Structures are given as structure tokens and as C-alpha cells.
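Here is the structure we will look at.
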Amino acid sequence: MGGSRRSRRAQAIHRPEESNSEVVRPSPSPPPRAREDNATIAKRDILKVRRQEADAEEAFAGVLREAVETVGQAGYRFLVLGGLASSLVGRPRWTHDIDLLVRPDDARDVLAVLRTAGFSTEETDPVWIYKAFKREVLVDIIFMVMGGIYLDDDMLNRSIERDYDDLRLRIPSAEDQIVIKGIVHQEETSRHWFDALAILGRADLDWDYLLRRARVGARRILALLIYAQSSDILVPSWVIGRLYEEVYRQ
């Protein structure tokens with residue numbers, strides 16, 4: 000009797016628990032034909048993206064040429080700025096817009112010239128920037144850079160020419176780009192800081208001219224140069240020492 004109870008308890012202990020949850024079984028592998036279809040779809044998507052990228056690059060190059068030639072033929076002096084300019088003297092990187100730096104007195108006239116050439120335009124901010132659009136490509140007409148930097152005679156006289164594909168562009172000197180990039184750098188635009196470091200590491204620089212131009216943002220440029228040294232970029236110590244003296248000699 001007692002043995003029978005123990006036997007029934009043992010059976011109860013070893014009886015599997017019933018569960019209300021469904022048993023999840025692995026999905027069967029797709030048949031070979033389905034796998035081939037998936038591969039075809041993936042390849043088609045990749046080719047589609049590549050075509051879109053090629054179309055975007057073609058539009059960018061076309062709008063760049065049209066903007067540069069339109070403004071230049073109208074007789075206005077300007078420099079190509081931004082990511083495109085820095086990539087021609089520093090590290091290569093893609094940019095989705097075009098930046099033209101013009102004199103403040105010419106900004107509205109430059110915008111009007113682009114409007115006549117078929118660009119959509121807007122007077123975005125009368126303090127520093129207007130915008131023009133064509134083929135979904137943005138052209139920024141900049142006439143004041145953060146820190147109170149303008150297109151002046153020094154920047155024009157020191158500007159250099161570089162080729163982008165088969166288009167000859169006039170861009171700011173490496174020194175002016177370093178100053179501009181260092182000053183406009185913010186947390187959300189950290190690319191500017193690293194653009195400046197790339198130029199410091201690759202360009203042959205006129206350090207005296209850099210120091211003179213750095214006065215519009217001396218502490219920021221001093222921080223940039225010290226950071227560059229800490230990254231093993233060869234910045235002469237006398238350059239840092241002189242800028243430090245100008246900032247803190249009082």
C-alpha cells in the first residue's frame with residue numbers, strides 16, 4: 000500500500016509539466032529558389048543605391064559648374080568654401096552642398112545672378128547667408144563666417160587654385176581654412192575640427208600668416224594647435240608659444 004503511494008508520487012514527480020505556451024520551432028530553411036530570389040533582390044537594391052549615388056554626384060558636379068561659372072562670368076569675386084575646399088587640401092570626404100564665400104556688398108547681386116540662371120533662391124539670414132537650389136543641390140551664399148570672418152583682400156590674395164574633376168576652383172589658402180574650420184567647430188559639427196587637423200597634417204603652411212589670421216579666434220586656434228600636437232601632428236612649438244604669449248601675456 001505504502002509502496003504503491005510512493006510509486007504514484009514518483010510518477011507524478013517525473014510526469015512532464017503541461018504548458019499552455021506554444022512550442023517555437025525554427026523556421027525551415029527557404030528552398031534554393033527562394034534563396035536565389037532574395038539574392039537577386041539584394042543585388043538589385045545595391046545597384047539601385049549605386050545609381051542614385053551616381054545621379055547625386057552627377058547633379059552635384061553639374062550644379063557646381065553652373066554656379067561657379069555663372070557667378071564668375073558675372074564678374075563677382077568669390078571663393079569655394081566648406082567641405083569641398085577642405086577636401087582639396089586635407090582629407091577627402093563627400094559633401095552634399097556647395098559653399099561660396101562672397102563679399103557682403105555682393106551677396107544680393109550674386110543671389111540675383113543665380114536666380115536669373117534658373118536657381119530657386121531665398122534670403123535666408125541677412126546677417127550671414129543666402130541660399131540657392133537647383134536639381135536638389137544646395138548652394139550656400141556665405142558673406143560672413145562665425146567669428147566675424149569676411150572675404151577680404153588678404154584671403155583673396157592668398158587663395159589658391161585646385162582642380163575638382165575637370166573644373167578649376169579657387170579656394171581659401173590652407174591657413175585660412177584652418178582658422179575658419181577651427182572657429183566654426185561646434186559639438187554637432189565636429190567634422191570641421193577634424194578637417195582642420197587633416198589640413199595641419201598635410202599642407203605646407205606659412206606659420207606667420209596663420210598666426211596673423213588666427214587673431215580673430217586666438218584661443219580656439221591655440222587649442223586646435225595644442226590638440227594637433229597631442230595627436231602627433233607636427234606643429235612647431237614656437238608657433239604655439241607665440242600665440243600663447245599673444246593671448247595670455249597680460
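Heads up: the sequence shown runs through residues 0 to 249, numbered per numbering that gives the first Met the number 0. Glycine included, each C-beta is placed from N, C-alpha and C at the ideal position. Computed from a predicted structure; not experimentally measured.
Item                                                                                                                                                     : Value
Tell me, which residues are paired with Asp129 by DSSP?                                                                                                  : The residue you asked about is not Asp; residue 129 is Tyr in the sequence shown. Bridge partners of Tyr129: Ile140.
Can you tell which of Ala106, Gly71, Gly146 and Ser158 has the C-alpha that lies nearest to the C-alpha of Ala131?                                       : Ala106
When you compare only the Cα positions, how much space is there between Arg161 and Met145?                                                               : 25 angstroms
Determine, using beta carbons only, whether Leu150 and Leu100 come nearer to each other than 7 angstroms.                                                : yes
With a threshold of 16 other CB atoms inside 10 Å of the CB of Leu233, please say whether the residue is buried or exposed.                              : exposed
Can you check which of these residues, Thr123, Ser236, Ile148 and Leu78, is closest to Ala98 by C-alpha distance?                                        : At residue 98 the sequence reads Asp, which differs from the Ala that was named. Looking at the Cα atoms, Leu78 is the closest of the given residues.
Return the Cβ separation of Ile198 and Ile182 in integer angstroms, given the expectation that the two are a contact with Cβ distance under 8 angstroms. : Their Cβ separation, rounded to whole angstroms, is 14 angstroms, which puts Ile198 and Ile182 out of contact at 8 angstroms.
Please report the residue range of the alpha helix (DSSP H) in which Ser236 lies.                                                                        : Ser236 to Tyr247
Under 8 angstroms Cβ to Cβ from Leu155, same chain only, skipping five residues before and after it: list those, please.                                 : Arg76 and Leu78
So the candidates are Ser189, Glu65, Glu68 and Leu223; which of them puts its Cα closest to the Cα of Glu174?                                            : Leu223
Taking Arg219 as the reference, which of Gly200, His184, Glu122 and Asp231 has the closest Cα?                                                           : His184
DSSP three-state call for Leu168: helix, strand or coil?                                                                                                 : strand
Comparing C-alpha positions only, which one of Trp206, Ser229, Glu56 and Val215 sits nearest to Arg241?                                                  : Trp206
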